[in-house]
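Remarks on the structure that follows.
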Amino acid sequence: MGVGVLGTGHYAPDNIVTNKDLEKIVDTTDEWIRSRTGIEERRIAKDDEDSSDMAFMAAERALENANVKAEELDLILVATVTPDTPFPSVSCMIQERLGATKAAAMDVGAACAGFMYGMITAQQFIKTNAYQKILIVGVDKLSKIIDWTDRNTCVLLGDGAGAVVLGKVSEGKGILSFELGADGSGGKELYQNEANHLVMNGREVFKFAVRQMPQSCVNVIEKAGLNKEDVDYLVPHQANIRIMEAARQRLGIAEDRMAKTVQNYGNNSSASIPIALSESVNKGIIKDNDIIVLVGFGGGLTWGAVALKWGK
Ligand code: ACO
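Sequential numbering from 1 applies to the sequence shown in our numbering.
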């Protein structure tokens with residue numbers, strides 16, 4: 001048996017903040033943001049909508065899409081760096097709201113690579129037969145930690161949640177290979193400061209990302225015994241179109257074979273990969289037996305990639 005995706009779901013707050021809106025609060029322009037990042041607008045949650053609320057919405061949709069009942073879940077993993085509170089965890093909060101009474105629950109923190117860490121952690125439990133069905137949610141309400149006076153960061157980020165249900169699939173399908181990595185020496189390039197604001201050295205993170213993301217894609221393709229030409233679809237972390245393009249061009253795949261949501265959502269941190277995956281599934285872009293590569297990088301520094309064959 002393989003371990004693969006049984007269903008996907010996502011949620012983004014209604015409130016749209018455009019680049020023009022940001023021109024009114026910091027010294028920036030729509031043209032600068034579009035040309036440097038590809039971002040046109042982002043969703044920002046209301047004060048009374050926290051990470052657990054968005055996680056719950058995405059989780060419900062993923063369970064419905066997977067045709068799995070909450071009571072069937074063995075484990076809930078929530079990747080987030082902006083939980084409602086350090087404890088109880090977001091995973092415990094949604095365990096209660098979903099009625100997933102049998103599920104163990106924990107949060108995973110690896111910033112924008114958190115969803116990849118969650119997915120691979122879940123895979124191990126299923127592979128060893130310890131668990132059958134696991135919900136993985138990537139959620140962040142980055143607006144809570146954005147310094148709205150810092151044009152270097154506030155234009156890049158947004159709020160949202162994405163989820164998948166992982167379980168057993170037919171032999172040969174599901175996760176084929178993975179890579180997870182970390183470099184703590186790069187922690188100073190992207191962190192939360194004492195004022196609880198996200199601080200980033202954009203140039204250093206950019207250099208790291210354009211090197212690491214394409215390399216991780218190549219590594220998982222090789223580990224799966226595949227060639228670049230075998231890849232049907234790429235779902236990269238949606239931080240900056242220029243970084244995403246570096247990965248796409250390294251793989252030599254067509255523009256329409258890469259998930260692209262950055263223009264609508266900005267960088268959703270832990271949520272960006274599952275949102276992009278879920279949107280692609282909803283649009284019918286991903287087909288049975290497609291070879292998909294998911295890849296992310298983030299604060300820590302951390303990174304992670306997965307090659308998988310779609311279908312049950
Ligand atoms: N509007 C206008 N000008 C700006 C803005 C803005 N919003 N932000 C920065 N600038 C200015 C800078 O101050 C700089 O001015 P200077 O030359 O006078 O110093 C100039 O624009 C150019 O800055 P660069 O850093 O060279 O711009 P670059 O083309 O590298 O783009 C960016 C900056 C978009 C931040 C890029 O470096 C990047 O995408 N980095 C990676 C970001 C990322 O992926 N982060 C992941 C976060 S993951 C997580 O865990 C949340």
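We put the beta carbon where it would ideally sit given N, CA and C, even for glycine.
None of the values given here were measured: they were computed from a predicted structure.
1) Determine the DSSP secondary structure at Trp314, reduced to helix, strand or coil.
2) Taking only the alpha-carbon atoms, compute the straight-line gap between Lys287 and Gly311 and give it to the nearest angstrom.
3) What number of angstroms, rounded off, separates the C-alpha of Gly184 from the C-alpha of Leu301?
4) Measuring straight from C-alpha to C-alpha, what distance separates Thr28 and Arg151?
5) Report the option in Tyr265, Glu279, Val210 and Arg250 whose CA atom is closest to the CA atom of Gly296.
6) Determine the contact status of Val165 and Leu135, defining contact as a CB-CB distance below 7 Å.
7) Since Phe208 is in the beta strand (DSSP E), which residue starts that stretch and which ends it?
8) Once DSSP output is grouped into helix, strand and coil, what is the label at Glu72?
9) Buried or exposed, going by whether 16 or more other CB atoms sit within 10 Å of the CB of Thr128?
10) For the ligand ACO, is there any heavy atom lying closer than 6 Å to the beta carbon of Asn240?
11) Helix, strand or coil: which one does DSSP assign to Tyr265?
12) Here's the rule I'm using: 16 or more other beta-carbon atoms within 10 Å means buried, otherwise exposed. How should Ala195 be labelled?
13) In chain order, what residues of the same chain have a beta carbon less than 8 Å from the beta carbon of Gly167, not counting five sequence neighbours either side?
14) Which ranges does the beta strand (DSSP E) cover as unbroken runs of at least 3 residues, wholly within the segment 138 to 182, from first to last along the chain?
15) By the DSSP assignment, the alpha helix (DSSP H) with Ile126 in it spans what residues?
16) Please classify Lys260 as buried or exposed, where buried requires at least 16 other C-beta atoms within 10 Å of its C-beta.
17) So who's on the other strand from Asp84, going by DSSP bridges?
18) Tell me which residue opens and which closes the alpha helix (DSSP H) that Gln95 is part of.
19) CB of Arg42 to nearest heavy atom of the ligand ACO: below 6 Å?
20) Would you mind giving the Cβ-Cβ distance between Ser280 and Cys112, rounded to the nearest angstrom? I have them listed as a contact below 8 Å.
21) So what's Asp107 in DSSP terms, helix, strand or just coil?
22) Could you give the C-beta distance for Gly138 and Ile44, rounded to a whole number, given that I count them as a contact under 8 Å?
23) Our contact map puts Tyr117 next to Met54 with C-beta atoms below 8 Å; I'd like the distance itself, whole angstroms only.
Judging by the given coordinates:
1) Any property of residue 314 remains undetermined from this structure, which presents the chain solely from 1 to 312.
2) Straight-line Cα distance between these residues: approximately 8 Å.
3) Near 6 Å, if we compare the C-alpha coordinates of Leu301 and Gly184.
4) Rounded to whole angstroms, the gap between the alpha carbons of Thr28 and Arg151 is 7 Å.
5) Of Tyr265, Glu279, Val210 and Arg250, the residue nearest in Cα terms is Val210.
6) Leu135 is positioned such that its CB atom lies closer than 7 Å to that of Val165.
7) Counting along the chain, no beta strand (DSSP E) covers Phe208; the unbroken alpha helix (DSSP H) around it starts and ends at Gly202 to Lys223.
8) Glu72 sits in a helix when the DSSP states are folded into three classes.
9) Counting every other CB atom within 10 Å of its CB across the protein chains shown gives Thr128 a total below 16, marking it as exposed.
10) In this structure, the C-beta of Asn240 approaches the ligand ACO to less than 6 Å from one of its heavy atoms.
11) Taken through DSSP and simplified to helix, strand or coil, Tyr265 comes out as helix.
12) Exposed, by the Cβ-count rule.
13) Taken in chain order, the residues that qualify are Val3, Gly4, Leu6, Ala66, Val68, Ile126, Gln132, Lys133 and Ile134.
14) Segments of the beta strand (DSSP E) lying fully in the segment 138 to 182: 159 to 169 and 174 to 182.
15) Counting along the chain, the unbroken alpha helix (DSSP H) around Ile126 starts and ends at Gly114 to Lys127.
16) Buried is the call here.
17) Looking at the DSSP output, Asp84 sits in no beta bridge, so it has no partner there.
18) Its alpha helix (DSSP H) spans residues Val90 to Leu98.
19) Arg42 has its Cβ no nearer than 6 Å to any heavy atom of the ligand ACO.
20) The Cβ separation is near 18 Å, so there is no contact.
21) Three-state DSSP puts Asp107 in a strand.
22) 17 Å between Cβ atoms; not a contact.
23) With 8 Å as the limit, Tyr117 and Met54 do not qualify as a contact, their Cβ atoms being about 19 Å apart.
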